[in-house]
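Student:
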Amino acid sequence: MQAQAREGYRGTGPGDITPDGCAVQLYARLPVGNEPDVIAAAVPSQARLLELGSGAGRMTHALLERGFEVTAVDESPAMLERIHGARTVASSIETLDLADRFDVVLLASFLVHAGDPRVRQGLLETCRRHVVDDGCVLVQREGADWHDQVPRETRHGDGVVRVLSSHDVGDGVRSVEVEYVFPDARWTHTFRSRPLSTEAFEQALQDAGLVVDRYLTPDHTWVQARPAVPEEDT
Ligand SMILES: C[S@@+](CC[C@H](N)C(=O)[O-])C[C@H]1O[C@@H](n2cnc3c(N)ncnc32)[C@H](O)[C@@H]1O
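Residue 204 in full-length UniProt numbering sits at position 204 of the sequence shown; the count goes up by one each step and never skips.
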């Protein structure tokens, strides 16, 4: 049985589709990019990582290979079934409440741009709740002007990813449509995105008890944040 789709999110194509419209078979075949390198350069080797929205383990497996211990969280059990070598937890991120705390919490894949601000704050509060006081949270955010550079396409392995459209659906939210075309299959993904200025992004972190330490990449898409104050002092 498929879990209920999140409002404004949908996907088409072969295999299971997650509530946010991602295709499991697609994410199981997409090659990993430079994300594990960015992460590995920013955090201590051997760190214990909590990866939120891990999907089918595209980044998880590369991080395990680099010697990190990873706990992978996703609301899609079908995604998690593809992960090997990591502890997996099937849960929505917003409601996650593990007894454990981690050296590093990862919130990648632009999840911080959730259309609903309450979801976004839930995601960031989960990051804060699960990071040790001297640890860090790594967030991947959209590049500036991404919604203006449409249509655009990039190659991923033997497939092509095309951002077909991004249109305003009101209240500062965009609806984005992407297609993934491979020789043997085609998937589409429609999702909501709330672009965030640097100020709005940093305010959202602050509202969740996090503060930006540094931007890790020249395009400012990867951000390292830390707890604003130890939780017991709040
Ligand atoms: C775009 S995919 C990216 C997966 C993986 N991070 C990667 O880069 O390959 C997003 C994943 O996050 C999960 N996800 C999105 N929102 C979520 C939420 N609020 N709680 C739990 N999982 C979520 C989806 O089920 C999906 O597997």
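Beta carbons are placed, not taken as given, at the ideal position from N, Cα and C, and that holds for glycine.
In chain order, what residues of the same chain lie with their CB nearer than 6 angstroms to the CB of E153, ignoring the 5 residues before and after it?
Tutor: The answer, listed in chain order, is V160, R162.
Student: Once the 5 residues before and after M1 are set aside, which same chain residues still bring their CB inside 8 angstroms of it?
Tutor: In this prediction, M1 has a pLDDT of 43, which is less than 50 and means its spatial position is unreliable; what the coordinates show is noted afterwards. Cβ neighbours of M1 beyond the five flanking positions: none.
Student: In angstroms with no decimal places, state the Cα-to-Cα distance between S166 and P151.
Tutor: Roughly 8 angstroms between the two C-alpha positions.
Student: So L30 and G13 are in contact, right, with Cβ under 8 angstroms, and what is the actual spacing, rounded?
Tutor: Actually they do not touch by this definition, with Cβ atoms about 13 angstroms apart.
Student: State the start and end residues of the unbroken beta strand (DSSP E) segment that holds C22.
Tutor: From DSSP, C22 is part of no beta strand (DSSP E); its letter is neither H nor E.
Student: Given this structure, state the Cα-to-Cα distance separating V38 from D219, to the nearest angstrom.
Tutor: Whole-angstrom Cα-Cα distance: 12 angstroms.
Student: Entirely within the stretch 48-82 and at least 4 residues each: give me those alpha helix (DSSP H) ranges in chain order.
Tutor: As far as the stretch 48-82 is concerned, its whole alpha helix (DSSP H) runs of at least 4 residues are 58-65, 77-80.
Student: Tell me the DSSP bridge mates of P227?
Tutor: Bridge partners of P227: L210.
Student: With a threshold of 16 other CB atoms inside 10 Å of the CB of V229, please say whether the residue is buried or exposed.
Tutor: That one is exposed.
Student: Rounded to whole angstroms, what's the CA-CA distance from P117 to Y180? Just pull it up for me.
Tutor: Cα-Cα distance, rounded: 28 angstroms.
Student: In the DSSP assignment, what are the bridge partners of F201?
Tutor: F201 is not bridged to any residue.
Student: Give me the Cβ distance between I83 and A47, rounded to the nearest whole Å; I'm assuming they're in contact under 8 angstroms.
Tutor: In fact, because the Cβ distance is near 18 angstroms, the residues do not count as touching under 8 angstroms.
Student: Only counting the same chain, and skipping five residues up and downstream in sequence, which positions put a Cβ closer than 6 angstroms to that of P77?
Tutor: Excluding sequence neighbours, P77 sits near A90.
Student: Since Q140 and W222 are thought to touch, with beta carbons under 8 angstroms apart, how far apart are those beta carbons, to the nearest angstrom?
Tutor: Contact holds; Cβ gap of about 6 angstroms.
Student: With DSSP as the reference, label V169 as helix, strand or coil.
Tutor: Residue state, collapsed to three classes: coil.
Student: Measure the Cβ-Cβ separation of L210 and R226 and say whether it is below 9 angstroms.
Tutor: Yes; because the gap between Cβ atoms is below 9 angstroms, this pair is in contact.
Student: Return the bridge partner residues of Y215 from the DSSP annotation.
Tutor: V223, per the DSSP bridge assignment.
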